[in-house]
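Note sheet for the following structure.
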Amino acid sequence: MTSSQVQKSVIVTGGASGIGLAMTRYFASQGHRVSVFDINDKTGPGIVAEVAAEHPKAALSFKRCDVSSWDEQAAVFKQVYQEHGRIDVVMANAGISEQGQSSIAKVEDDEPVKPATKSIEVNFLGVIYSVKLALHYMHKNKDDGSPSRGLVIATASNAGVYPFPIAPLYAASKAGVINLVRSLGPVLEKSKIQINALAPAVLETNIAPSPDLFKPMIITPMSTLTKGVAQFVEDPSRTGQVVEIHGESVTLRQPPEFVDEDSRKNLETFWNLGYA
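Taking full-length UniProt numbering, the leading residue of the sequence shown gets 1, the next gets one more, and so forth.
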C-alpha cells in the first residue's frame, strides 16, 4: 500500500464505468476502502466485484446513486461515513454527455421548448452536491498534524477549457466545475482540505452515443488520467488546481490573467471583505 501506507476511505461517483472505473481500479490497487457510487445497478455490482477480486487487499462496495439527487447522495455519503468512520478522498466524477443536437440551440417552429438540462444536473449540480457532502464529513476528520484532512478531485473536461460548439451545455457544466474548484481552493486551505480538477481530452468512455465516434479521434490513455490523480493524491500542497489530461501529459492549466490591475484589486477586495 502506498500513500503513506494508510488505508483511506475513498468515494468514486460514476465509479463502475469509464473514467470512474479507472479511478476505482487505481485506488483499489493501493489497497484502500473504495465505495463506488453509480446509477447502473445492473452491471455495477458485478464490475465492482471483479475489481475486488483483482485486489484482495482493498475493500470495495457498490452503492446505487443518482448524483443529480441531493437526497440520494446525502444518504449514501452518510452510509459510507457510518461504515468507515471517516471519508478521506472523494472523486466527484459521474457525468453524462449532451446527446444529439443541443436543445438550447434548436429553434422550434411553434412554441419554444424547455431545453434539456440533465447534463447540467449531473455534471455540475451533482459535483456541487458531492463537494458539499465531502466537506461536511472531511471536517469531522481529526486534525492529526498531517498536511491534509481530505481531498476532493472533480472530473471536468477540456471541453470546459475550450469552446465546444457541438455540446454547449456540456461545455458549460464542465467550465462550471473548473471555476468551482479554482474558487474553493483558497477557501478550504485553513481546513486542510484540498480540492482539484482533472480536465481530460478525449478518453474512450461509455458516455459517447457510439464507439464509432472515437475512430477519427486522438485518444488519451487512461494511464495518463490516473497519473493526474496520483499527482494530487501524493502532493497535499496542491489545491484549487486544474490539470489538463492529454496524450501522455498532465499539464497544469493556470486561470486566465486579469485584464487589468483594477479587476485584480476588485476581486481580491471581495475576498478580503469576506462577502460579495
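All residues carry an ideal CB built from backbone N, CA and C; glycine is no exception. As the structure is a computational prediction, the values presented were derived from the model and not from experiment.
Own chain partners of residue i with C-beta closer than 7 Å, once the 5 adjacent residues on each side are dropped
i, result
"VAL250", "THR224, LYS227, GLY228, GLN231, VAL243"
"ASP143", "ARG149, LYS192"
"SER68", "GLU121, VAL122, LEU125, GLY126"
"GLU248", "THR224"
"VAL76", "PHE37, LYS63, CYS65"
"GLY160", "ALA171, LYS174, ALA175, VAL177, ILE178, ALA199"
Burial state of residue i (16 or more Cβ within 10 Å)
i, result
"residue 279", "Only positions 1 to 276 of the chain appear in this structure, which leaves residue 279 out of reach."
"GLN30", "buried"
"ILE104", "exposed"
"TYR129", "buried"
"LEU180", "buried"
"MET1", "Reliability of the predicted coordinates at MET1 is poor, the pLDDT of 46 falling under 50, and no value is obtained from them."
"ASN266", "exposed"
"LYS78", "exposed"
Coil, strand or helix - residue i by DSSP
i, result
"VAL63", "Correcting the residue type first, residue 63 is Lys in the shown sequence and not Val. Here LYS63 sits in strand by DSSP."
"THR24", "helix"
"ALA94", "coil"
"VAL122", "helix"
"PRO147", "coil"
"residue 344", "This structure does not reach residue 344, given that the chain is present from 1 up to 276, and the question cannot be answered."
"LEU252", "strand"
"ASN272", "helix"
"THR117", "coil"
"ARG33", "strand"
"GLU244", "strand"
"SER9", "strand"
"VAL127", "helix"
"ALA75", "helix"
"ILE19", "helix"
Close-in-space but distant-in-sequence residues of the same chain around residue i (CB under 6 Å, 5 per side omitted)
i, result
"ALA59", "ARG33"
"VAL10", "PHE27, HIS32, VAL34, VAL89"
"LEU184", "ILE195"
"GLY44", "ALA16, ASP38, PHE62"
"PRO115", "SER103, ILE104"
Residue nearest to residue i in terms of C-alpha spacing, selected from the options
i, options, result
"LEU188", "HIS139, ASP41, LYS8", "HIS139"
"GLY14", "HIS55, SER148, THR220, ALA154", "ALA154"
"ARG253", "GLY240, ASP262, ASP260", "GLY240"
"GLY85", "SER119, LEU151, THR220, ASN141", "ASN141"
"ARG166", "VAL36, ARG25, SER97, PHE77", "Per the sequence shown, residue 166 should be read as Ile rather than Arg. That would be SER97, whose Cα lies nearest to the Cα of ILE166."
"MET91", "GLN99, LEU151, GLN73", "LEU151"
"residue 317", "PRO112, TYR81, ARG264", "Outside the displayed range of the chain (1 to 276) lies residue 317, so it cannot be described from this structure."
"ARG182", "GLU54, LEU169, ASP212, PRO255", "PRO255"
"ASN158", "HIS246, LEU21, GLU234, LEU133", "HIS246"
"LEU133", "TYR162, PRO221, ALA74", "ALA74"
"GLY95", "VAL233, GLU268, LEU169, GLY145", "LEU169"
Residue i Cβ short of 7 Å to the ligand GTP heavy atom set
i, result
"SER183", "Because no ligand of any kind appears in the structure shown, any question about the ligand GTP cannot be addressed here."
Chain-order list of residues whose beta-carbon lies under 8 Å from that of residue i (same chain, five-residue window excluded)
i, result
"VAL107", "none"
(message) Give the list of continuous beta strand (DSSP E) stretches no shorter than 3 residues that lie fully inside the stretch 173–200.
(response) 193–200
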